[in-house]
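Chains as they are written, first to last, in this note's numbering: chain A, 1 to 261; chain B, 262 to 537; chain C, 538 to 891. Ideal Cβ positions, reconstructed from N, Cα and C, are used throughout, including at glycine. Values in this document were obtained by computation on a predicted structure and should not be read as measured data. For reference, the structure discussed in these notes is given below.
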Amino acid sequence: MVKKGLERIYLGLILLFLYAPIFTLMIFSFNDSKSRAKWGGFTLKWYQSMFNDPIIVKSLYYTLTIALISAVIATVIGTAAAIGIQAMSRKRRETIMNVTYLPVLNADIVTGIAFMLFFIGIGLKLGFSTMLLAHITFNIPYVILSVLPKLRSMNKYTYEAALDLGATSIMAVRKVILPEIAPNIITGFLLAFTLSLDDFVISYFTAGNGVSNLSITIYTMTRRGIKPEINAISTIMFMAILILLLTINKRREKAVRKEKY
Amino acid sequence: MNRRWLAYPYVVWMIAFILVPLFMIFYYGVTKDDGGQIVFTAEFIKKTFEPIYFNAMAKSFLYAGFATLICLVLAYPLALILAGKAGKSSAMLFIFILPMWMNFLLRTYAWLTLLETNNGVVNTLLRLLHLPSINILGTPNAIILGMVYNFLPFMVLPIYNTLVKIDPYILEAAHDLGADSFQRLIRVVFPLSLPGVMSGITMVFMPAVTSFVIPNLLGSGKVNLIGNLIEQQFLMTYNWGFGSAMSLILMIIILLAMGLMKRFDKGNLEGGAGRW
Amino acid sequence: MKKLLIVILAGVLILSACSKGPETDTSKPYAGATLNIYNWGDYIAENTLTRFTEETGIKVNYEMFDSNEIMYTKYKSGAVDYDVLIPSDYMIEKLILEEELVKLDFDNIPNSEYIDESFKGLAYDKNDEYSVPYMWGTVGILYNTSMVDEEVDSWNILWDEKYSGQIIMQNSVRDAFAVALKKLGHSVNSTSKAEVDQALEALKEQSPLVQAYVIDEVKDKMIGNEAALAVIYSGEAIFTADENEDLAYAIPKEGTNLWFDSMVIPKSTQNQEAAEAFINFMCDPETAFNNTDYIGYSTPHKEAKEMLADEIKNDPAAYPSKEVLDNCEVFVDLGQEMTEYYNEKWNELKASLN
Chain A
1 MVKKGLERIY LGLILLFLYA PIFTLMIFSF NDSKSRAKWG GFTLKWYQSM
51 FNDPIIVKSL YYTLTIALIS AVIATVIGTA AAIGIQAMSR KRRETIMNVT
101 YLPVLNADIV TGIAFMLFFI GIGLKLGFST MLLAHITFNI PYVILSVLPK
151 LRSMNKYTYE AALDLGATSI MAVRKVILPE IAPNIITGFL LAFTLSLDDF
201 VISYFTAGNG VSNLSITIYT MTRRGIKPEI NAISTIMFMA ILILLLTINK
251 RREKAVRKEK Y
Chain B
262 MNRRWLAYPY VVWMIAFILV PLFMIFYYGV TKDDGGQIVF TAEFIKKTFE
312 PIYFNAMAKS FLYAGFATLI CLVLAYPLAL ILAGKAGKSS AMLFIFILPM
362 WMNFLLRTYA WLTLLETNNG VVNTLLRLLH LPSINILGTP NAIILGMVYN
412 FLPFMVLPIY NTLVKIDPYI LEAAHDLGAD SFQRLIRVVF PLSLPGVMSG
462 ITMVFMPAVT SFVIPNLLGS GKVNLIGNLI EQQFLMTYNW GFGSAMSLIL
512 MIIILLAMGL MKRFDKGNLE GGAGRW
Chain C
538 MKKLLIVILA GVLILSACSK GPETDTSKPY AGATLNIYNW GDYIAENTLT
588 RFTEETGIKV NYEMFDSNEI MYTKYKSGAV DYDVLIPSDY MIEKLILEEE
638 LVKLDFDNIP NSEYIDESFK GLAYDKNDEY SVPYMWGTVG ILYNTSMVDE
688 EVDSWNILWD EKYSGQIIMQ NSVRDAFAVA LKKLGHSVNS TSKAEVDQAL
738 EALKEQSPLV QAYVIDEVKD KMIGNEAALA VIYSGEAIFT ADENEDLAYA
788 IPKEGTNLWF DSMVIPKSTQ NQEAAEAFIN FMCDPETAFN NTDYIGYSTP
838 HKEAKEMLAD EIKNDPAAYP SKEVLDNCEV FVDLGQEMTE YYNEKWNELK
888 ASLN
């Protein structure tokens, strides 16, 4: 029982640590003063004026779109890659993994400028597609890093057993490997989505044609100070995702419970 | 059809998009324009080892190293606890990952509001409780705190993922063979979770080393880490050669370190949990 | 779960298909044209772009940057064909020297007559051929009157040990060195290594007293009474004084930096006339007023200034006297070698801090 109590306290402390800044931001989204240093009273005005700035609205739209699409594509390519890599000889696998780590190793600004030069070099004008390609690229390694460890510690004989029992490669992958690594795939997807939401430097150097994301909008505000409307939008985004996740989770729990009977 | 083919789309993508930045920093880092001709030069690499820059790199590794270690120490018990609850509700895990969905810059600014010496939230509360104030902004501790805060979820996730899939029969077997909880943790669970730990370390250490926002905001602009310096070369002095050289050295050092780590990991987990 | 994802994806795709294309209403002069405009973040009134598109039919692709250097890097790479840039003084000079800007056809910018004469012939564009000023201001000392009871009229006060740990400097190489150089009686554009070295020594001497080197955090720190003195831009000072009555702004007697952000047209432009129409629109009194009202910085536009409230027009922090302005210097481009030298010294300063 002591163990349970200690566990709870530990969880609680970590949660407090993780959420302190978030609660601060949420509270200040209701602050009637533009400054983070003083409390000017409670107000909803930032939530109302949030949509008055066309730049913010556009950024939000592109942020979500690019994050979603790039995360999906990165997850597909990354998962396929992880499965394939796992099946390779050690040497090949290590080479590929080392190269996979490389984008993670580089400072964002190096990657950002390199991509920009690359796109110019192949004559691709900056815009939605270039930002999307860049996001997919830096997302894939994280998907692989999420999926591969599980593949490595998975029982390698179940796949072979499936083949022995008459399944084709594809069926074996779909019905044996994928379900085992499903949680990791989802983790990879979430990681990719998150990274995409937050990226500034790489997005900055691959954006064009009026495409901008929320990160760029926020970071470029730093000379002037970040508008409180940003706090409002962030709060809404956060609450929306929280509610979405809780709902999905509830439905999964219901499904699991149904299965048990 | 061979499973290996699944990796080929990625390999093609990789060659195009991942090797290109690599080529760029090689190109800029070791060559220069000598009156119209491109020649090889070691001047940028040499400059990286000048005291100011080398010390900045060392400092970056030090802070990032501490941050990674602290992340590991905090994340491991957390992952264990969450893995124990895995059956009941995976919402728990999501709640720990959720903070990452708020913009990194915003959260770092929020820490300023919390940690300011005179009127920060934390110090205001401490004063109410008649406890001494914390003056942490501008010190390395604040930078490490910022790094730990921002990268903790990246350490929790992969460890959690490997822990959750450890075959419970193995744990039972260990128990049957006489191991107590502690021995089981050290000799069975931890080794099995190593791939996750490695992933976590990779995903935390790297971005931590090159961060420049955290030293600027939480370090009160008093610390130049290698991320700040690289950014400076690309944006302020337009010395792409030097910026690339620094990135190159950084990358090589990290690759070497990872190579060493791999030795640690060798042969450990081929076949993993299903060895029976 | 899968279904949910598919629904979301479909929704997003539908939304993207629905986004409107540019207006081709032929009653508008430049209907169907598109401009790529590159400006500082949060540096334009919220309705300006929409009003512009309504009036002229030109679609605007609006990009933002947070420093002159990052703007320059992206512009120079040729990645995007920008039509209008709004950089600062020294960056404009750099662009002119590198022959990156086109000369403006002022016949297309009749509203430029509204720009106050005292802002003509500025150091970075002596013959007013390439730029039209957008916003301007000074750099000075913001101080908390409840923590500082003496007169603030010299940069020396930032070296006063009495205020140890209560001083805030700008985390920008040129702004920090400008303060030190002015304190020593040199020019903010000094190209003398000896003078820069002296400035470095002064900054090193000051560093134990400095609480932080910051950019926009200076506002919240001062509003929150975290420090007594800070180096700050005039526009920001006005904002903070509104939020905290104890704060006041002073321009030291040694003189300071006078800065400008001006509109220019780079040679990558695909439609110079449309670009000039944009600049003209920005100089329209109503637009200029909206912009200065929203941003809170000082405007070079005579009419817009007239429309401001008296307390702002007559505020010496926002609109200092000619005397004060004459004592100010505008940044110029230092050239590659000196830029590198300043940055090296800046790195030395940071390295010496711990």
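If I'm right that Gly680 (chain C) touches Ala785 (chain C) with Cβ under 8 Å, what's the distance once you round it to whole angstroms?
Gly is not the amino acid found at residue 680 (chain C); the sequence shown has Tyr there. Right, the Cβ-Cβ distance comes to about 6 Å (below 8 Å), so this counts as a contact.
Going by the CB atoms, is the gap between Ile760 (chain C) and Gly677 (chain C) shorter than 8 Å?
no
Can you tell me whether DSSP reads Thr675 (chain C) as helix, strand or coil?
strand
Take Ala268 (chain B) as the anchor and find which of A:Leu11, A:Lys254, A:Arg92 has the nearest alpha-carbon.
A:Arg92
Residues in the same chain with beta-carbon distance under 6 Å from Ala582 (chain C), minus the five sequence neighbours each way, listed in chain order, please.
Asn827, Asn828, Tyr831
Give the range of the alpha helix (DSSP H) segment to which Gln48 (chain A) is assigned.
45-49
For the pair the region 221-229 of chain A and the region 160-180 of chain A, tell me if three or more CB-CB distances fall below 8 Å.
no
With contact counted as at least three CB pairs below 8 Å, one residue from each stretch, are the region 594-609 of chain C and the region 208-217 of chain A in contact?
yes
Under the three-state DSSP convention, the category Gln298 (chain B) falls into
strand
Are any of the Cβ atoms in chain B nearer than 8 Å to that of Lys258 (chain A)?
no
Where are the alpha helix (DSSP H) runs, 4 residues long or more, that stay fully inside the region 738-823 of chain C, in chain order?
754-760, 771-780, 809-819
Within a Cβ cutoff of 8 Å, which residues of the same chain sit near Lys859 (chain C), ignoring the five residues on either side of it in sequence?
Ser655
Minimum C-alpha distance to Glu848 (chain C) - residue among C:Glu866, C:Ile775, C:Asn808:
C:Ile775
If contacts are defined as beta-carbon pairs under 8 Å, then Phe451 (chain B) and Cys332 (chain B) qualify, I think. What distance do you get, rounded to the angstrom?
At roughly 16 Å, the Cβ-Cβ gap does not stay under 8 Å, so Phe451 (chain B) and Cys332 (chain B) are not in contact.
Taking Ile704 (chain C) as part of the beta strand (DSSP E), name the residues at either end of that continuous run.
704-707
Please state the DSSP three-state secondary structure of Ile248 (chain A).
helix
Helix, strand or coil at Trp577 (chain C) [DSSP, three-state]
strand
Count the other C-beta atoms from every protein chain shown that fall within 10 angstroms of the C-beta of Ile704 (chain C), then say buried if there are 16 or more, exposed otherwise.
buried
Which full runs of the alpha helix (DSSP H) of 4+ residues lie inside the region 51-113 of chain A, going along the chain?
54-86, 90-105
Looking at the C-beta of Gly84 (chain A), does it have a partner C-beta in chain B at a distance below 8 Å?
yes
Counting pairs of beta carbons, one from the region 430-442 of chain B and one from the region 302-319 of chain B, are three or more of them closer than 8 Å?
no
Can the beta-carbon of Val801 (chain C) be found closer than 8 Å to that of Tyr667 (chain C)?
yes
Measuring alpha carbon to alpha carbon, tell me which of C:Ala814, C:Ala713, C:Pro803 ends up nearest Leu886 (chain C).
C:Ala713
Quick one: using the 10 Å Cβ neighbour count with 16 as the cut-off for buried, is Asn573 (chain C) buried or exposed?
buried
Indicate whether at least one CB of chain C lies closer than 8 Å to the CB of Glu377 (chain B).
yes
In three-state DSSP terms, what is Met519 (chain B)?
helix
Minimum C-alpha distance to Thr63 (chain A) - residue among A:Ala74, A:Lys254, A:Ser203, A:Leu244:
A:Ser203
Whole-angstrom distance between Asp199 (chain A) and Met239 (chain A), CA atom to CA atom
20 Å
Might you give, ordered along the chain, the residues of its own chain that have their beta carbon closer than 6 Å to the beta carbon of Val725 (chain C), omitting 5 neighbours on each side?
Ala715, Leu718, Asn794, Glu866
Compare the beta carbon distance of Val669 (chain C) and Ile646 (chain C) with 8 Å and say whether it is the shorter of the two.
yes
For the beta strand (DSSP E) holding Lys596 (chain C), just list the boundary residues, first then last.
596-602
Does Leu178 (chain A) get closer than 8 Å to chain B when you measure Cβ to Cβ?
no
Look at Leu367 (chain B) and Ile230 (chain A) and say whether their C-beta atoms are less than 8 Å apart.
yes
Report the residues of the region 314-344 of chain B with a CB closer than 9 Å to any CB of chain C, ordered along the chain.
Tyr314, Asn316, Ala317, Lys320
Contacting residues, own chain, Cβ-Cβ under 6 Å from Phe262 (chain A) (five flanking each side not counted)
Here chain A comprises residues numbered 1 to 261, so residue 262 (chain A) is not present and cannot be evaluated.
Compute the Euclidean distance between the alpha carbons of Tyr421 (chain B) and Gly12 (chain A), then round it to the nearest angstrom.
18 Å
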